[in-house]
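Here's the structure we're looking at; comments come further down.
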Amino acid sequence: MPNFFKKPTMSGHLWIIYLISLILLGFIWFYQWMLGLMMTLFLAASIFYSVRTEQNMINETEEYISTLSYRVKKVGEEALLEMPIGIILFSENFTVEWANPYMNRFTDQDTIVGKSLKDISDQLIQPIKDDQDEVWINVDGYKLQTIIKKKERLLYLFDRTKQTEISNLYQNEQTVLSIIFLDNYEEITQGMDDTAKSHINSQVTSILNKWAGDFGIYLKRTSQERFLAVMNQEILHSLEKAKFEILDEVRELITDQNVPLTLSFGIGVGPVNLPELGELAQSSLDLALGRGGDQVAIKDDSGKVRFYGGKTNPMEKRTRVRARVISHAMKELVQESEKVLIMGHKSPDMDSIGASIGILKIAQANDKKGAIVLDPDDIDTGVQRMVEEIEKDEDLWPHFITPEDAIEEVTNDTLLVVVDTHKPSLVMEEKLLSKTEHVVVIDHHRRAEEFISDPTLVYMEPYASSTAELVTELLEYQPKKLKLSMLESTALLAGIIVDTKSFTLRTGSRTFDAASYLRSKGADTVQVQKFMKEDLDVYVKRSKLIEKASIYRDGIAISTGDTGQTYGPVIIAQAADTLLTMSGIVASFVISERSDGRIGISARSLGDINVQVIMERMNGGGHLTNAATQLEDTTIEDAKALLQDIIDEYFEGGESE
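Just so you know, UniProt numbering puts the end of the sequence shown at 657, numbered straight through with nothing missing.
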């Protein structure tokens, strides 16, 4: 305590002065008693005054301390009872032992003393048990920030309702930009007269204007097939809650050719400036179109993407102009490069290998050295026969190299062509992507959020049956000296046949055109059937998977492999395909352990259920009717439970990612 607040007594230096004065006074009395008498009177008066002054100071100090103590006590009581902060003391069994009056504003009861913390909020007890320091709870419309002092069994509650309202208002009023694109407007209006085009434009504009008016959106048509929409976060939340029903409304506009018109939305959100919002919107639109259109892609400033729609198969483009343009661009890139390296995805299938061979022929047709990256230790039994046949070909097999050799050969002037995938994590050798600045991506899968960064050329067409089909079309526009051998054309045809399940799935008119071209170059369908033959033990393993299938809901079949039993991706894919042929099955999922320790899931559907969206929720991807994923650090039972939860959410309307 400071000296000021200590009880005052006669100062020590005064006693010394008075003691010296008495000694001197004695000498004065000895020599001059009259003067001594006078000095004695003065000294007595001085001592009396000092003692009285000290006593007054003592009294004043005691009175001050008494008053201050009362005030401090009063302020403490006032602060504890009247300050705008809730205080709760609770017992070991989470019962309220004491609460200040401020807590009464959050309840209709006279007191909460004796009540359980659970009666105040279900969100309180578990955080206390988990040793959390803070939790936000909702109590009768109030948003309370709660500071937890577990050791003292004490809670401080701060009313953050107004702050939350202001924060929500800020979030809701943030600008959102959207670019709306009519996916197939150009194809539909080809050959139409002006009257028919005007009718289509009028219908689309009318529907979109009504939709914009209902939600309070500013909509402006910037071209025949493109609109700009400006809204805020609150409106976007309403659209997401309605699952963008505008997609279904526009799709119902059937043209004279019985072809539905579809929309794609690219939406940019986040607390960024308008130019960055515009870039996010355009990037989202590219992503939506890359996934086949008829859907909404929403991207925020952190790069996270949500998807809605995508319920229909991507429509085949009737024009081959894009194929000719891409083929010409490929020719120039090949000619400008030092060499060409081609790689597909890990555990390549026939489509990946066939497409790689097709790109190799493009390199050779332009007098450039080419090589296909293939890991001999990562060859699935499904393509083993094809690889064995390629090994016998003295002209073709020398162009296959290992990933290690490819890393040594690649230079900055090398053209790297990635086929049948666009995800860096799935390519045969990811290190090659950073070794050269010239990367081409050719794929037929719907575009996922993960994508190879800064590719020089991208040719992604989700409508195509296979990458082999796309590469075959590119071959048709290469120099006339291009010659395909029987084995090379057969490998490309095998890729098409496998991915279309012998021309039964995702098959368009251009698929048959590509097959016809390959057949004219000597492709052997009998050889394809030999490639596709399977061993008896593989057939038995697949049959056991099918035998274990059960119906989950609404015609969805789920099959799981035995724990400890590994299956290749081809086997579980074939099992899923076979299940789909059964009566009453509209979608199938097969789950099993893989040789790499992960859990593999193969998904198939007839088109009514978008298995791509379901697999994307499990970090996978694919097509609307054909998708898959691989999960790490989990079990078959946990993977099945997660899959069932996502399926339930899908049927409840959640198709966002």
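Glycine included, each C-beta is placed from N, C-alpha and C at the ideal position.
Beta-carbon proximity of residue i to residue j, cut-off 8 Å
i           : j       : result
Gln-527     : Thr-490 : yes
Ser-264     : Leu-289 : yes
Pro-403     : Met-386 : no
Ile-646     : Arg-617 : yes
Glu-173     : Asn-232 : yes
Gly-303     : Ser-284 : no
Arg-594     : Thr-566 : yes
Ala-575     : Ile-556 : no
Leu-35      : Ile-28  : yes
Leu-518     : Leu-492 : yes
Ile-359     : Val-439 : no
residue 665 : Leu-157 : Here the chain covers residues 1 to 657 and nothing more, so residue 665 does not appear.
Ile-188     : Leu-261 : yes
Ile-379     : Leu-474 : no
Ile-442     : Tyr-459 : yes
Tyr-142     : Phe-106 : yes
Lys-435     : Val-471 : no
Ile-572     : Ser-550 : no
Thr-625     : Leu-606 : yes
Asp-349     : Val-383 : yes
Leu-253     : Gly-268 : no
Lys-150     : Asp-122 : no
Counted within 10 angstroms of its Cβ, other Cβ atoms place residue i as buried (16 or more) or exposed
i       : result
Glu-388 : exposed
Gly-597 : exposed
Glu-655 : Bear in mind that a pLDDT of 43 at Glu-655, under 50, signals an unreliable position, so the number given afterwards is only what the model happens to contain. By the neighbour-count rule (16 or more Cβ atoms within 10 Å), Glu-655 is buried.
Met-57  : exposed
Leu-536 : exposed
Thr-381 : exposed
Ser-238 : exposed
Val-325 : exposed
Asp-648 : exposed
Asp-286 : buried
Lys-299 : buried
Asp-420 : buried
Lys-7   : Low per-residue confidence applies at Lys-7: pLDDT is 47, beneath 50, and the placement is therefore not dependable, though the value from the model is reported in the following sentence. Its Cβ having fewer than 16 others within 10 Å, Lys-7 is exposed.
Asp-468 : At residue 468 the sequence reads Ala, which differs from the Asp that was named. Burial call: buried.
Phe-42  : exposed
Through-space distance from residue j to residue i, alpha-carbon basis
i       : j       : result
Arg-447 : Thr-563 : 33 Å
Glu-186 : Ser-202 : 16 Å
Tyr-31  : Leu-25  : 10 Å
Ala-627 : Gly-568 : 15 Å
Lys-346 : Ala-406 : 15 Å
Thr-67  : Glu-60  : 10 Å
Gly-622 : Asp-140 : 45 Å
Arg-160 : Ile-87  : 15 Å
Ile-207 : Phe-181 : 14 Å
Tyr-650 : Ile-614 : 7 Å
Trp-397 : Glu-391 : 5 Å
Asn-3   : Ile-23  : For Asn-3, the predicted structure reports a pLDDT of 48, less than 50, and the residue's modelled location is therefore unreliable. The matter cannot be settled from this model.
Arg-153 : Lys-129 : 11 Å
His-399 : Ser-327 : 22 Å
Trp-33  : Glu-62  : 43 Å
Arg-221 : Val-250 : 16 Å
Gln-335 : Leu-432 : 20 Å
Trp-211 : Pro-271 : 25 Å
Phe-215 : Glu-240 : 12 Å
Simplified DSSP state of residue i, which is helix, strand or coil
i       : result
Ile-585 : coil
Thr-421 : coil
Met-343 : strand
Met-57  : helix
Asn-3   : With a pLDDT of 48 at Asn-3, under the threshold of 50, the modelled position of this residue cannot be trusted; read the value that follows with caution. Asn-3 falls in the helix class under three-state DSSP.
Pro-403 : helix
Lys-368 : coil
Val-135 : strand
Tyr-539 : helix
Gln-145 : strand
Glu-186 : helix
Lys-151 : coil
Thr-175 : strand
Ala-557 : strand
Tyr-102 : helix
Examine the Cβ distances between the region 48-60 and the region 111-120 and report whether three or more of them are shorter than 8 Å.
-> no
Could you say if the region 364-383 and the region 444-463 meet the contact criterion of at least three C-beta pairs nearer than 8 Å?
-> no
Is the region 581-588 touching the region 632-643, taking contact as three or more C-beta pairs under 8 Å?
-> no
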